[in-house]
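Colleague: Attaching a single structure in structure tokens format; questions to follow.
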Amino acid sequence: MVKIIDGKQISKEIKDELKAEVAALKTQGKNVALAVIQVGEDPASSVYVNNKKKACEYIGIESLAFHLPETITEEELLQKIEELNQDEKVNGILVQLPLPKHIDEDKVIKTIVPEKDVDGFHPQSVGALSIGQKGFVSCTPAGVIQLLKRSGIEIAGKECVVIGRSNIVGKPMALLLLRENGTVTIAHSKTKDLKEIAKRADILVVAVGKPKMIDSSYIKEGAVVIDVGIHRDENNKLCGDVDYDDVVEHVSAITPVPGGVGPMTIAMLMHNCVSSIK
Ligand code: NDP
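Mind the numbering: the sequence shown is residues 1128 to 1405 in the working numbering, read in order.
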């Protein structure tokens, strides 16, 4: 029997736990506040920012929205971040990416103080993860670990293969699986014999950015498959990096798209905001 991992339900569980924590913090006079900076009018960014605002409202986190014009200079944006770094009322700072081309994203990420880096993108946060120290963890891979744990899927001792090595998904995903005592392989566009490597996986995490690329020929019978990808297919329907219909018969557990990894990213962002006050 295949287990369909319900990211919607698990993310709701996490948000409800956080809601209770935030209420308890309020009784101690502590208020959690997230500052979200959006630059320009990118429609996808507006949707993401709005979803974050809604999640904050649900949990009881104060959300401070800063919608800045596309024409803002890099210096002005860095100045705004510096102000928020200094502002004691603000626990977390998030700059919605991508930014307009004239602004250096790396510089922006590095300007947010690590104590408020709820996206977990600052080099200090990434370094802390790699040497097993405390720090914020990138939300999507942190969400994948929660999906596995809360579905009762053991990671320790398992062959884990991550396809993709981006800074926001693939690399932190591999480090987190390693932290959970998985035996981890990272595959990427230069990997030889990808199918053979993917077929070794007890847990296969796919973050390749190619719609439906991973079909059953990449899957070991009974593997757990986590699909991070999000795309629109030729019929404008959401789909992942995994060919779900082809793969589902061969796995023991799988995340659907939508309703798998997607909802977890915001839940883990909210988790990071709440832990920033602790
Ligand atoms: P990137 O494009 O940054 O990275 C893709 C990775 O896949 C790269 O490391 C690349 O290798 C590797 N790759 C590309 N083609 C192949 C191939 N043919 N064989 C093996 N490896 C390959 O993507 P992201 O990590 O940012 O995102 C991955 C997917 O996850 C996307 O679909 C994205 O939309 C989705 N996503 C979903 C989120 C969510 O909340 N659910 C959040 C973030 C992303 P190389 O390094 O060699 O180029």
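For every residue, glycine included, the Cβ atom is placed at its ideal position computed from N, Cα and C.
Taking Cβ positions, are Val1333 and Met1300 nearer each other than 8 Å?
Modeller: No, the Cβ-Cβ distance between Val1333 and Met1300 is not below 8 Å.
Colleague: Nearest to Leu1406 by alpha carbon, out of Ile1330, Gln1165, Lys1135, Arg1327?
Modeller: This structure leaves residue 1406 out entirely; the chain is present only between 1128 and 1405.
Colleague: Closer than 8 Å is the cut-off here; do at least three beta carbon pairs connect the stretch 1221-1228 with the stretch 1149-1164?
Modeller: Segments in contact, yes.
Colleague: Just tell me which of Ala1269, Val1289, Lys1347 has its CA closest to the CA of Val1388.
Modeller: Of the listed residues, the one whose Cα sits closest to Val1388 is Ala1269.
Colleague: Any heavy atom of the ligand NDP inside 7 Å of the beta-carbon of Arg1359?
Modeller: Not so, every heavy atom of the ligand NDP lies at least 7 Å from the Cβ.
Colleague: With C-beta atoms as the reference, is Asn1308 less than 8 Å away from Gly1284?
Modeller: Yes, the pair counts as a contact, with Cβ atoms nearer than the cut-off.
Colleague: Check the C-beta distance from Gly1349 over to His1315 and give it rounded, since I have them as a contact under 8 Å.
Modeller: No, Gly1349 and His1315 are not in contact; Cβ-Cβ is about 25 Å, not under 8 Å.
Colleague: Please report the straight-line C-alpha distance between Leu1313 and Leu1303, rounded to a whole angstrom.
Modeller: One detail in the question is off: residue 1313 reads as Ile in this sequence, not Leu. Going by the C-alpha atoms only, they are around 12 Å apart.
Colleague: Evaluate the contact criterion for the stretch 1379-1394 versus the stretch 1241-1255: three or more CB pairs, one atom per stretch, below 8 Å.
Modeller: As far as the Cβ criterion goes, the stretch 1379-1394 does not touch the stretch 1241-1255, which means the pair count is below three.
Colleague: Going by the C-beta, is Thr1318 closer than 7 Å to any heavy atom of the ligand NDP?
Modeller: Yes.
Colleague: Which residues does DSSP list as the beta-bridge partners of Lys1288?
Modeller: Sequence check: residue 1288 is Val here, not Lys. Thr1312, Leu1331.
Colleague: Return yes when the C-beta of Ala1314 is under 7 Å from any heavy atom of the ligand NDP, and no when it is not.
Modeller: Yes, the beta carbon of Ala1314 sits closer than 7 Å to at least one heavy atom of the ligand NDP.
Colleague: Going straight from the alpha carbon of His1194 to that of Ile1132, what length do you get?
Modeller: Their Cα atoms are separated by approximately 35 Å.
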